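Numbering (the working numbering), first residue to last: 25 to 640.
Worksheet for the structure shown next.
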């Protein structure tokens, strides 16, 4: 008689799926995430794509990973995993640093042959001992053999059969965490609806993996994960790129303007283009341009014609768009520019995450060319910040750069689908009939906000022309007058500065009597919050502020930052926000904690840094 299964009840747990780039680890991880979100777990995911997409099978350069953190109080994908699925020795070797002591390691014994070990550069025939993995709960499973046996009569060719290995691993992990298979099967039906034989094979193999777990339950711990108490509503698992696309659609609805996206595919931003291209039913127009410059120029044209216009890109593409963005600044047209940051410079690390485009977003244009810069903090927050970026662009007649990054763009979290009445109306700054009596010209403005009035083509009496040459502040005619150029430069800056009155104030989180203030921006939010929370539970006095609005800064920024004895700015770059803050706030001194490795922060390294600073 088998022993009773050891059941561990945990607040949260992290699982890491790893294998070759063609092994379907991203799909397995996504399905597990969706199933967990559906039963009420908070989730945070980190798809870690290989830098070499087409690396030889079984080699270190082609390993694909997907980590998901589930439970309650989840803000990051987790520093280290409780469970590692390793489909080959290369996956084991490249991910050994990301697993906890006494973790469960599920591995495919059929892919741990002498040849596989050699390709992964192991020196011995015992990879676990060689890597020092003592005390781990090893679950050796002949996944490849069992999948072949299971699908022997399916009629699928060998290649198609082997593609189902990931579903066996998923079924085994679903057993380990008591996840229902029916939800996973439903998601598979949506994915393979047009391929019934493939669908049937995947569901069969997933079920086999689940049943196999039942037969080995005496050898490994299983887990019961706590469910968070969530606000009532409909929840789904959403990644940042999808949330960004949906946020723009919501802004289109609230503004009453059709949405136009002019873009060029670029990793890791392409999915925004793909998602919006599906939404013709909502009146979305998409142009996939021949290059980055054409993409943004089509969007500027669409904006002039009266659309909510956007363009999407990553860092190298933002550099190419810079001159055209300057045109939008000069013409004072609303435009949303989404920059999904990646490791750079140049081609750099397209599949890896960074925060190194901030200074480019703030200052990377010729001339005095101020625009609004905002940043999203989590995958779900991408929806809100895309909406807010569109609102600021339309109501203040300015380009707005929305910064996300590869981590939150590809990563996902549980998202409550909002009711649209929860969001404010968007009021574009249109001309009004009475302006005709005042001899309206295209650069006539609201005297308080300095926002020019928007006349869409075809409005009777409001015929006008815009362009990239400096204009007279009164007549709108081309002007090279020195005093006028100074005036227009100052006005464009004042228009952006005024927006500080229209954005939320900085909110301080954590201990109100803190000895240390942690400052971050964008996609580092979850890691910084988790580190601060951990410090406070240990009796340390730490607080945190996180910037979603970077240009202009919130009105209370100087007041908040100067309040604390010690301030540390944490970024996935070499100190770009810190430099910006010190330039805007005279006398501000900050510590800096920086990382440029193509990877997000680890909570443990943040805690170590904060403890050292507090001891100084």
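Glycine is no exception: its CB is placed at the ideal position from the N, C-alpha and C atoms.
In this text, all values refer to a predicted model and were calculated from it rather than measured experimentally.
So what does DSSP say about residue i, is it helix, strand or coil?
i: residue 516; result: helix
i: residue 574; result: strand
i: residue 331; result: coil
i: residue 242; result: The pLDDT assigned to residue 242 is 46, lower than 50, so where the model puts this residue is not dependable, and the model offers no usable value.
i: residue 615; result: strand
i: residue 295; result: helix
i: residue 380; result: coil
i: residue 544; result: strand
i: residue 199; result: helix
i: residue 438; result: strand
i: residue 360; result: strand
i: residue 594; result: strand
i: residue 370; result: coil
i: residue 58; result: helix
i: residue 71; result: strand
i: residue 525; result: helix
i: residue 50; result: helix
i: residue 365; result: strand
How about residue i and residue j: are their beta carbons less than 8 Å apart?
i: residue 333; j: residue 323; result: yes
i: residue 475; j: residue 421; result: yes
i: residue 373; j: residue 423; result: no
i: residue 7; j: residue 103; result: In the structure as shown, the chain starts at 25 and stops at 640, and residue 7 therefore has no counterpart that could be examined.
i: residue 519; j: residue 430; result: no
i: residue 188; j: residue 225; result: yes
i: residue 488; j: residue 501; result: no
i: residue 233; j: residue 270; result: no
i: residue 418; j: residue 279; result: yes
i: residue 167; j: residue 192; result: yes
i: residue 614; j: residue 631; result: no
i: residue 216; j: residue 205; result: no
i: residue 313; j: residue 307; result: no
i: residue 492; j: residue 351; result: yes
i: residue 401; j: residue 366; result: no
i: residue 536; j: residue 507; result: no
i: residue 432; j: residue 403; result: yes
Within 10 angstroms of the Cβ of residue i, are there 16 or more other Cβ atoms? Answer buried if so, exposed if not.
i: residue 570; result: buried
i: residue 512; result: buried
i: residue 505; result: exposed
i: residue 534; result: buried
i: residue 114; result: buried
i: residue 101; result: buried
i: residue 42; result: buried
i: residue 409; result: buried
i: residue 387; result: exposed
i: residue 457; result: exposed
i: residue 330; result: buried
i: residue 135; result: buried
i: residue 242; result: Here residue 242 scores only 46 on pLDDT, less than 50, and its place in the model is too uncertain to base an answer on.
i: residue 460; result: exposed
i: residue 394; result: buried
i: residue 451; result: exposed
Determine the extent of the alpha helix (DSSP H) in which residue i is found, giving its start and end residues.
i: residue 429; result: Per DSSP, residue 429 belongs to no alpha helix (DSSP H); it is in the beta strand (DSSP E), 423-429.
i: residue 600; result: 600-608
i: residue 408; result: 405-420
i: residue 273; result: 264-279
i: residue 140; result: 138-143
i: residue 444; result: No alpha helix (DSSP H) contains residue 444, which DSSP labels as neither H nor E.
i: residue 348; result: 339-355
i: residue 582; result: 581-585
i: residue 639; result: 627-639
i: residue 212; result: 205-215
Any idea which residues DSSP pairs residue i with across the strands?
i: residue 95; result: 36 and 66
i: residue 164; result: 131
i: residue 41; result: 90 and 109
i: residue 399; result: 427
i: residue 500; result: None, per the DSSP bridge assignment.
i: residue 454; result: 478
i: residue 560; result: Looking at the DSSP assignment, residue 560 forms no beta bridge with any residue, so it has no partner.
i: residue 317; result: DSSP lists no partner for residue 317.
i: residue 566; result: 540
i: residue 469; result: 476
i: residue 495; result: 502
So residue i is in the beta strand (DSSP E); what residue range does that whole segment cover?
i: residue 645; result: Given that the chain is displayed from residue 25 to residue 640, the structure contains no residue 645 and the question cannot be resolved.
i: residue 100; result: Careful: residue 100 lies outside any beta strand (DSSP E) and carries neither H nor E.
i: residue 309; result: 309-312
If we define contact as Cβ-Cβ less than 8 Å, is residue i a contact residue for chain D?
i: residue 591; result: The chain labelled as chain D is not found in the depicted structure, where only one protein chain is given.
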